[in-house]
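Participant:
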Amino acid sequence: MLIFAVESSCDETAVALYRSRSGILAHKVHSQISIHSDHQGVVPELAARSHIEKLVPLTNLCLAEAEIAKDEIDAVAYTMGPGLIPCLMAGASYARAFAYGLGVPALGIHHLEGHLLSPLLADNEADNPAPNFPYVSLLVSGGHTQLYLVRDYGDYQLHGRTVDDAVGEAFDKTAVLLGLAYPGGATLEKLARQGKPNKYPLTMPMAKSGDYNFSFSGIKTQVRYLIEKLGDRIKNDTCRADIAASFQHTVVNGLVDKAVSLANELGTENLSIVGGVSANGYFRSQAQQKSVAKGIKVFFAPLEYCTDNAAMIALVADYRLRRGERDNLKIKATARCTIP
Ligand code: KG4
Ligand code: ZN
Numbered sequence: 033m034l035i036f037a038v039e040s041s042c043d044e045t046a047v048a049l050y051r052s053r054s055g056i057l058a059h060k061v062h063s064q065i066s067i068h069s070d071h072q073g074v075v076p077e078l079a080a081r082s083h084i085e086k087l088v089p090l091t092n093l094c095l096a097e098a099e100i101a102k103d104e105i106d107a108v109a110y111t112m113g114p115g116l117i118p119c120l121m122a123g124a125s126y127a128r129a130f131a132y133g134l135g136v137p138a139l140g141i142h143h144l145e146g147h148l149l150s151p152l153l154a155d156n157e158a159d160n161p162a163p164n165f166p167y168v169s170l171l172v173s174g175g176h177t178q179l180y181l182v183r184d185y186g187d188y189q190l191h192g193r194t195v196d197d198a199v200g201e202a203f204d205k206t207a208v209l210l211g212l213a214y215p216g217g218a219t220l221e222k223l224a225r226q227g228k229p230n231k232y233p234l235t236m237p238m239a240k241s242g243d244y245n246f247s248f249s250g251i252k253t254q255v256r257y258l259i260e261k262l263g264d265r266i267k268n269d270t271c272r273a274d275i276a277a278s279f280q281h282t283v284v285n286g287l288v289d290k291a292v293s294l295a296n297e298l299g300t301e302n303l304s305i306v307g308g309v310s311a312n313g314y315f316r317s318q319a320q321q322k323s324v325a326k327g328i329k330v331f332f333a334p335l336e337y338c339t340d341n342a343a344m345i346a347l348v349a350d351y352r353l354r355r356g357e358r359d360n361l362k363i364k365a366t367a368r369c370t371i372p
């Protein structure tokens with residue numbers, strides 16, 4: 033089965049072509065960072081307009097790269113939520129019309145299920161294996177921070193979540209405090225490489241909560257107070273790098289500790305870390321070290337599939353379509369929803 037997939041839940045316009053059992057034939061992502069950076073956040077109206085502009089050219093690029101003609105496509109998948117409604121509507125109506133025009137089925141897919149299964153997109157080369165079920169999944173993105181047990185395709189058990197901000201949001205807001213451009217996650221990581229992770233003792237909120245939930249709004253406030261206390265010293269590059277490194281160290285270890293301890297409690301030997309923040313190199317190395325020490329294997333999606341993409345949406349659609357799932361003609365778009 034040849035699947036064409038569309039992802040447009042936030043500020044990335046993405047399409048992919050996926051063949052059952054072979055995997056991804058081609059995928060394209062257009063990031064809207066330059067559109068939203070002046071606003072220090074995603075402006076839904078601007079994002080939706082850009083999705084509408086980019087969907088057709090990206091589709092054509094993807095088809096050309098895969099050397100696929102439209103009429104070879106057997107089904108169309110799209111992200112139905114969670115996300116920003118104008119953005120979801122742009123992708124969903126495009127995908128639904130695309131499927132209608134071809135006379136093939138369409139299927140709305142849950143964005144987070146895409147992230148949860150994204151490590152299965154690994155090519156299974158020696159240095160890039162995909163995990164076997166079951167695995168604990170730590171989902172860390174700009175909109176979500178959750179801990180799941182992934183038992184099988186379509187079988188997910190939620191064990192913990194953030195009670196306030198998402199970790200990506202904490203990275204982005206801390207980056208702004210340090211004078212970095214939005215979205216600052218990757219830039220903060222770069223700055224942190226020059227800093228000392230133990231220079232400023234920050235506290236991970238809820239580290240001892242006795243459950244698997246997280247909180248990030250307090251750590252952002254700790255950084256704000258620290259910056260106020262440091263006064264003019266903050267103008268110094270080394271000082272800013274030390275703050276970035278200390279923040280990153282505290283947050284990453286707080287997340288990894290709970291994920292490893294959940295895997296231990298559940299007796300699961302596989303842990304995966306997914307979503308935009310899992311592109312962070314320090315996160316990857318800390319997770320690797322702490323997991324190995326507890327006899328747990330850690331897996332990541334290939335870097336290009338950490339941030340939002342349509343490949344993961346196609347992967348989910350593949351198993352759901354093979355199970356016989358089909359949508360009717362309704363265009364599905366939901367801001368908040370749980371994985372079906
Ligand atoms: O998964 P994603 O692309 O979109 C959502 O579904 O939210 O995640 C985007 C988030 C942003 O907050 C961005 O700053 C963060 O992932 N991010 C990073 C890094 N790369 C992206 N955070 C820390 N370190 C990185 N290298
Ligand atoms: Zn995402």
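Under the working numbering, think of the first position of the sequence shown as 33, with each following residue one higher. Note that beta-carbon positions come from the ideal geometry of N, C-alpha and C, so glycine has one too.
Any idea if Asn360 is buried or exposed, counting beta-carbon neighbours within 10 angstroms, 16 or more meaning buried?
Facilitator: Position 328 of the sequence shown, counted from the start, is the residue given in the question as residue 360. When all chains shown are included, Asn360 counts as exposed.
Participant: When you compare each of Gly174, Gln189, Arg183 to Asp196 by their alpha carbons, which one comes out closest?
Facilitator: Counting from one through the sequence shown, the residue named residue 196 turns up at place 164. Checked all of Gly174, Gln189, Arg183; the closest Cα to Asp196 is Gly174.
Participant: One question on the structure: do Asn230 and His281 come within less than 9 Å of each other, judged by their Cβ atoms?
Facilitator: Position 198 of the sequence shown holds residue 230. Position 249 of the sequence shown holds residue 281. Closer than 9 Å, so yes.
Participant: Who are Thr177's beta bridge partners in DSSP?
Facilitator: The residue given as residue 177 occupies position 145 in the sequence shown. DSSP lists Val172 as partners of Thr177.
Participant: Give the secondary structure of Ile105 by DSSP, where H, G and I count as helix, E and B as strand, and everything else as coil.
Facilitator: Indexing the sequence shown from 1 puts residue 105 at position 73. Coil at Ile105, not helix or strand.
Participant: Are Ala107 and Val136 touching if we call contact CB-CB under 9 Å?
Facilitator: Counted from its first residue, the sequence shown places residue 107 at position 75. Counted from its first residue, the sequence shown places residue 136 at position 104. Yes, Cβ-Cβ distance for Ala107 and Val136 is below 9 Å.
Participant: For Leu95, is the classification buried or exposed, using 16 other Cβ atoms within 10 angstroms of its Cβ as the cut-off for buried?
Facilitator: What you label residue 95 is simply residue 63 of the sequence shown in a count that begins at 1. Answer is buried; the Cβ neighbour count reaches 16.
Participant: Identify which residue in Leu57, Tyr110, Ser82, Thr206 has its Cα closest to the Cα of Ala101.
Facilitator: Against the sequence shown, residue 101 aligns to sequence position 69. Nearest option by C-alpha distance: Leu57.
Participant: Go to Gln189, then tell me how far its beta strand (DSSP E) extends in each direction, as first and last residue.
Facilitator: In the sequence shown, residue 189 corresponds to position 157, counting from 1. Element bounds for Gln189: 187-193.
Participant: Could you check whether Leu148 and Ile371 sit closer than 9 Å to each other, using their CB atoms as the reference points?
Facilitator: Reading the sequence shown from its first residue, position 339 is the one you call residue 371. Reading the sequence shown from its first residue, position 116 is the one you call residue 148. Cβ distance < 9 Å, so Ile371 and Leu148 count as in contact.
Participant: By Cβ distance, which residues of its chain are closer than 6 Å to Lys205, with the 5 residues on each side in sequence left out?
Facilitator: If you number the sequence shown from 1, residue 205 lands on position 173. Counting only Cβ-Cβ distances below 6 Å, and skipping sequence neighbours, we find Lys252.
Participant: What do you reckon, is the C-beta of Val288 under 8 Å from a heavy atom of ligand 1?
Facilitator: Position 256 of the sequence shown holds residue 288. Checking the Cβ of Val288 against ligand 1 gives no.
Participant: If you measure from each residue's Cβ to the nearest non-hydrogen atom of ligand 2, which ones come out under 5 Å, in chain order?
Facilitator: That gives Ser173, Asp340.
Participant: Relative to the C-alpha of Val182, which candidate in Lys322, Cys119, Ser169 has its C-alpha closest?
Facilitator: Here residue 182 refers to the residue found at position 150 when the sequence shown is read from its first residue. The shortest C-alpha separation from Val182 is found at Ser169.
Participant: In this structure, does DSSP put Asn285 in helix, strand or coil?
Facilitator: Locating residue 285 in the sequence shown gives position 253, counting from the first residue. Asn285: helix per DSSP, three-state reduction.
Participant: Measuring only the C-alpha atoms, how far is Ser82 from Asn341?
Facilitator: Reading the sequence shown from its first residue, position 50 is the one you call residue 82. Reading the sequence shown from its first residue, position 309 is the one you call residue 341. In a straight line, the C-alpha of Ser82 is about 16 Å away from that of Asn341.
Participant: Compare the Cα-Cα distances from Lys326 to each of Ala291, Leu78, Cys369, Ile345 and report the closest residue.
Facilitator: Counting from one through the sequence shown, the residue named residue 326 turns up at place 294. When each option's Cα is compared against that of Lys326, the closest is Ala291.
Participant: Just mark Ala202 as buried or exposed, buried being the case when its beta carbon has 16 or more other beta carbons within 10 Å.
Facilitator: The count along the sequence shown starts at 1 and reaches residue 202 at position 170. Buried.
Participant: What three-state label does DSSP hand Asn160 in the structure shown?
Facilitator: The residue labelled residue 160 in the question sits at position 128 within the sequence shown. Strand.
Participant: Can you tell me where the beta strand (DSSP E) holding Thr219 begins and where it ends?
Facilitator: On the sequence shown, residue 219 is found 187 positions in, with the first residue counted as 1. Unbroken run through Thr219 is the alpha helix (DSSP H), 217-224; no beta strand (DSSP E).
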